[in-house]
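Engineer: In this text, residue positions in the sequence shown follow the working numbering: the first is 95, and each later residue adds one.
No residue lacks a Cβ here, since even glycine has one placed at the ideal position from N, Cα and C.
Since the model is a prediction, treat every value here as computed from it, not as a measurement.
Please find one structure pasted underneath; my questions will follow.
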Amino acid sequence: MKETLRTHGPAVQAEQLVDIYQARANDRSPWMAISDQVMGGESSGGIRQDCRVGSACTCLTGRTSLENNGGFLQMKLEIEPGEPLAEYAGLFIELCGPAHDYNLNVKTTQLDKPWQSFRCTLPIAPQWTRFVVPYTELSAHRTDAEFDPATMRSVAVIAIGEAFDVDVCVRRFGFYR
95 MKETLRTHGP
105 AVQAEQLVDI
115 YQARANDRSP
125 WMAISDQVMG
135 GESSGGIRQD
145 CRVGSACTCL
155 TGRTSLENNG
165 GFLQMKLEIE
175 PGEPLAEYAG
185 LFIELCGPAH
195 DYNLNVKTTQ
205 LDKPWQSFRC
215 TLPIAPQWTR
225 FVVPYTELSA
235 HRTDAEFDPA
245 TMRSVAVIAI
255 GEAFDVDVCV
265 RRFGFYR
């Protein structure tokens, strides 16, 4: 039986997708967990390999807390320098988890403060959803810089701004032409 993949964003043909990450059972994940504890907050969680809705994936689970000026938990993937990022039209990511909004944050070498990013909101659902995000849909957050994809250094899925149980999984990430 063929999976029905929900899509969010512009239609993109499979041959336009360029994978940077695809989850595989028993492989170590390149995603890392970061919480607000780096600045004194009390959110906690971690990364683990799992199988959700029939697919191998990397999951971020835990709990965000607003205590002590906290409020975020993220899974972050470093982007290798040398990818021809400016040649792509945008990025895609396949996510699944209980219904909740998460941020997709992109960091570039243009940004020098930890609170700066280019971002958009992703409405996660309990089925695999491919989010197709044109570079033009990434909004500058707490910066006047204009997004330059050639300077991209990381991407993160972030639970932020409210106390809740975090449970979000990624099975695929990359760019599209």
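Quick check: the Cα distance between R266 and A117, rounded to an integer number of angstroms?
Structural biologist: Going from the Cα of R266 to the Cα of A117 covers about 6 Å.
Engineer: Can you have a look at M133 and say buried or exposed, based on whether 16 or more other CB atoms are within 10 angstroms of its CB?
Structural biologist: Exposed: under 16 other Cβ atoms inside 10 Å.
Engineer: Please state the DSSP three-state secondary structure of Q168.
Structural biologist: Note: Q168 maps to strand in three-state DSSP.
Engineer: With P192 and P220 assumed to form a contact (beta carbons below 8 Å), what rounded beta-carbon distance in angstroms separates them?
Structural biologist: With 8 Å as the limit, P192 and P220 qualify as a contact, their Cβ atoms being about 6 Å apart.
Engineer: Any idea what DSSP makes of E109, helix, strand or coil?
Structural biologist: Helix, per DSSP.
Engineer: Can you round the beta-carbon distance between D121 and C263 to whole angstroms, since I take them to be within the 8 Å contact cut?
Structural biologist: Between C263 and D121 the Cβ distance is about 14 Å, and since that is not below 8 Å, they are no contact.
Engineer: Which same chain residues, not among the five before or five after N163, have their C-beta less than 7 Å away from its C-beta?
Structural biologist: Closer than 7 Å at the Cβ level, and outside the excluded window around N163, lie G134, G135.
Engineer: Looking at E172: is its Cβ nearer than 9 Å to the Cβ of P243?
Structural biologist: No. Outside cutoff.
Engineer: Expressed to the nearest angstrom, what Euclidean distance is found between the alpha-carbon atoms of Y229 and L185?
Structural biologist: Computed Cα separation, rounded: 7 Å.
Engineer: Report buried or exposed for R146, applying the criterion of at least 16 other Cβ atoms within 10 angstroms of its Cβ.
Structural biologist: Buried: at least 16 other Cβ atoms inside 10 Å.
Engineer: Which of helix, strand or coil does DSSP assign to V132?
Structural biologist: In the structure shown, V132 sits in a helix (DSSP, three-state: H, G or I).
Engineer: Please return the same chain residues whose Cβ sits closer than 6 Å to the Cβ of S159, not counting the five positions on each side in sequence.
Structural biologist: Once the five neighbours on either side are set aside, the close Cβ partners of S159 are E136, S137, A257.
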